[in-house]
Each structure stands twice: as structure tokens, then as C-alpha cells.
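Since the structure comes first, as C-alpha cells, the remarks are kept for the end.
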Amino acid sequence: MLAALHCAYPDAALTSALAADAPATTARDDWYGQRVDAAFVAGYAVLPKPEDVTIIDSRPAARKYDRGHIPTAINIPDTQFDKLTELLPKDKKQLLIFYCEGVDCMLSHQSAFKAEKLGYTNIKVYAEGYPDWIARGHLGAVSVPYLKKRLDEGAPITVIDSRPKERKYDKGHIPGAVSLPDAQFDKLLERLPTDKARELYFYCEGLACSLSSDSAAKAVRLGYTNVKVVPEGYPQWAKLYGPGPTGEMAAAKPTIQSGKEAGSITIASFERILRDAPDTIHLVDVRAEKHFRAATIKGAINIPIDALEDSLDELPKGKPIVFFCTSGARSGDAYDLIKEKKLPIEAYFLDANVKFDKDGNFRLEEN
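Residue 244 in our numbering is what sits at position 257 of the sequence shown, and the numbering runs on without skipping anything.
Structure follows, in C-alpha cells:
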């Protein structure tokens, strides 16, 4: 699945062979003449980024490139091509690979013709583009601004720093990122979320660093299905948004982040608290006792919603309470009851679909 980030940099013979193996798609008269397929592109979409090739995404930035692109690709939207020619390499003989949104998208072909007029002599178009790239099982990448947007939204994602902890992570990292050095990946698997469908974003030290792609490959082999890399990594984050928190700052206990519904806790902060500071909250399972006994979240107590009003004195004290159930409905009712009674309790509810395992693990899906 991740050959694009793990195959060796291709030699001349392999490059020629890959180029000869063109896509089976029938060319259109208005397409650029030199086309390549996903296998050819995969030989260059590697980390560390090769110096003598430039992969160019011709799609719009915010709507397309930022949220998913071929790793190491730069973004020159075709509509802004003439304004962004400084992003092209100075060497007119360097290999340029253009792509966009598939065989019905002309942006990559139009940009290729424009580059040819500028004097570039080694131009290819991956006509099937990004949809084909993903369909063939290759890894997608996102931009740093898109990652920040997801974090600012409180989205249920996990950001993973694959760099060495003491030498890199502790000296500054993306806020909220989990330290999981690639060299210790197999020993620290408990730092990964239990939900294999959760969005995972791996980053390291920029385009010259392969640790993030190495770790992403390992996560995919473990069964995670929504894995992406952030190739520009922490250096780009620091450039755009300033230095991130240091190890000392990161040692502070995670805090509760409110969700979209009044009184709810975001999935992201709930999982982080259970992972890093489970002793800072009380968990109350408001499902029926038989369901609680069958499976629940480690450390939870059980007060069924039907018995809660008569059992308010049994609620634990001294820490915030997070109510949970299977779908967020009964836990939301529990929160509403606390507010209705005007009790001096800091309460929240988990507004999510919860799948329980008998060993105390669980999987969350956003409602």
C-alpha cells in the first residue's frame, strides 16, 4: 500500500520501464502528449524528497490540495499558474509531473502546456490523478494549514510526532501531538487510538525526513484505515504559526474541550484524557446494568439513567464527571438532569457512538 513512500529512488532503467508502462486510459486529443501512470509517480513520491523531480498538483488549494494530495507534491493551481511560476525549478531539464482530479480534469494538461511554453523539456502528466492514486492504495498527504484547521475545529483526530522525543519533540512540537518515535513504534503501540478508523496524521522533520512515512506504513499494517502524512512537518508548522509547546509544557495534564453540543466533550479530548490523565475525570456509564457488566470503559462506575435521579448522592465528587452510553442519547439526558437540578457538579457527556470490547477497550465514532 505504501510503496510510494518506501520504494528506493528509481534508476534510469527503471524510470524508462515505468514510463513505457503507460495507463490504459484512452488519450484525448486535447491531452498533453507525455503521460505516466501511478507506478511511475510512486517512484518519485518518496521521502526524503528527491531533488531532481517536481510533482505538481494543479487543483485548487483549499478545496483539493490541502485536504489530500500526492506526498511531496507542490501546489500550483492552474488558474494561478502565471502568478506562481517562481515555484517551478530553475533547471528547465528537471522532470515535472503534473496531476489533478482524474481523466475528466484538464487542469494538469493545461499547466503542462504552459510549462512547455516556458521552456521545460521533461514534462509528464499523470492523467488519472489523485483519485486513481488513492484508489490504488497509495498514501495521501495533507498540508500544514489543513491540519491546523482540523485541530482548531476540535475534530476527532490523532496527530503523531514520529521524531525522537528528547532531541526533537520535547524542544517543540505541533500542539496536541502524541510523541511516538518511529524507533520505538512497536514498543509504544498503546499510544495509538483503539479505533482503527480514526484519522491519524503523522509528521516529522520535513521533506528530508522519512520517519513519518515509515510510521504511517506501520500503522496501516496494524489495520488503521484513515492514515495520512504531513510531509512538511514541524518545520513548516513553526514557520507558519510559531514554535509549538515544549516537553515541559506538554507535561501539563490535558484539559476537557467542549464539543458542538452544549455540555458535550470532544472525542479528541476524551481519548487524550483517558490516554494521558485518566485520573483527572470520573466516568459514569448510564446504560443498563446488564450492558455495563458485559463491557464498559475501564474505570467507569454504573448508574443507569432510569435510576440516576434517585441516585444523585452516589455521583463521585472532586473531579469532572463524563457520562457515556452507546449513542450519546442517554448520556445527554444525564447531563441535562444535572443542569436541571442545578447541582454544583462539573459534568459533560460523550456525544458519540461507542463500541465496547470486553477487555475495557472501546471505539468511538462521531455522531
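A virtual CB, placed ideally from N, CA and C, is assigned to each residue, including glycine.
Outcome for residue 246 when other beta-carbon atoms lying within 10 angstroms are tallied against a minimum of 16:
buried
Extent of the continuous beta strand (DSSP E) to which residue 342 belongs:
339 to 343
By Cβ distance, which residues of its chain are closer than 7 Å to residue 181, with the 5 residues on each side in sequence left out?
348, 349 and 350
In whole angstroms, what separates the C-alpha of residue 234 from that of residue 65?
Whole-angstrom Cα-Cα distance: 42 Å.
Within the stretch 214 to 299, note down every full beta strand (DSSP E) run reaching 3 residues or more, in order along the chain.
214 to 216 and 269 to 272
Alpha carbon to alpha carbon, how far is residue -3 from residue 31?
Its pLDDT being 37, under 50, residue -3 is placed unreliably by the model, and nothing is read from it.
May I have the straight-line CA-CA distance separating residue 57 from residue 169, to the nearest angstrom?
22 Å
Please classify residue 266 as buried or exposed, where buried requires at least 16 neighbouring CB atoms within 10 angstroms.
exposed
Hey, out of 304, 316, 128 and 156, whose CA is closest to residue 186's CA?
128
What would DSSP say about residue 319, mapped onto helix, strand or coil?
helix
What residues match up with residue 56 in a beta bridge as DSSP calls it?
128
Can you name the residues that DSSP bridges to residue 22?
112
Continuous alpha helix (DSSP H) stretch holding residue 201: start and end
198 to 208
Please work out which residues of its chain come closer than 8 Å, Cβ to Cβ, to residue 13, disregarding the five sequence neighbours upstream and downstream, and give them in chain order.
none
Mapping the DSSP letters down to three states, classify residue 314 as helix, strand or coil.
coil
Going by Cα to Cα distance, which pick from 184, 227 and 226 is closest to residue 210?
184
Assuming residue 82 contacts residue 146 (C-beta within less than 8 Å), just tell me the rounded distance between them.
That pair is no contact at about 32 Å.
Can you check which of these residues, 42, 150 and 62, is closest to residue 48 by C-alpha distance?
62
Taking C-alpha atoms, which residue in 91, 310 and 109 lies nearest to residue 99?
109
Cβ-Cβ separation, residue 303 to residue 288 (assumed contact under 8 Å), whole Å:
7 Å
Helix, strand or coil: how does DSSP classify residue 69 here?
helix
By alpha-carbon positions, which one of 241, 111 and 332 ends up nearest to residue 85?
111
CA nearest to the CA of residue 132, picked from 310, 330, 25 and 224
When only C-alpha atoms are compared, the closest one is 224.
With a threshold of 7 Å on Cβ separation, who are the neighbours of residue 324 within its own chain once the five nearest residues in sequence on each side are excluded?
Leaving aside the five residues that flank residue 324 on each side, the residues in its chain whose CB is nearer than 7 Å to its CB run, in chain order, 295 and 296.
For residue 158, which option in 19, 77, 15 and 231 has the closest C-alpha, if you only look at C-alpha atoms?
Comparing Cα-Cα distances from residue 158 to each of 19, 77, 15 and 231, the minimum goes to 231.
Could you work out which residue in 89, 299, 263 and 199 is closest to residue 355 when comparing CA atoms only?
Outside the displayed span of the chain (-12 to 354) sits residue 355, for which this structure offers no information.
Three-state secondary structure (DSSP) of residue 187:
strand
Look at the alpha carbon of residue 353 and the alpha carbon of residue 256, and state the distance between them as a whole number of angstroms.
13 Å
How is residue 10 classed by DSSP in three states: helix, strand or coil?
Reliability of the predicted coordinates at residue 10 is poor, the pLDDT of 48 falling under 50, and the value obtained from them is presented with this limitation in mind. It is coil, neither helix nor strand.
Through-space distance from residue 101 to residue 93, alpha-carbon basis:
12 Å
Limits of the alpha helix (DSSP H) - the one that residue 94 falls within
94 to 104
Straight-line Cα distance separating residue 283 from residue 226:
As the crow flies, the alpha-carbon of residue 226 is around 43 Å from that of residue 283.
Residue 346 classed as buried or exposed, judged by whether at least 16 other C-beta atoms fall within 10 angstroms:
exposed
Can the beta-carbon of residue 355 be found less than 7 Å from the beta-carbon of residue 315?
Outside the shown range of the chain (-12 to 354) lies residue 355, about which nothing can therefore be said.
Under the rule that 16 or more other beta-carbon atoms within 10 Å means buried, what is residue 218, buried or exposed?
buried
Residue 17: which of 33, 97 and 213 sits nearest, CA to CA?
97
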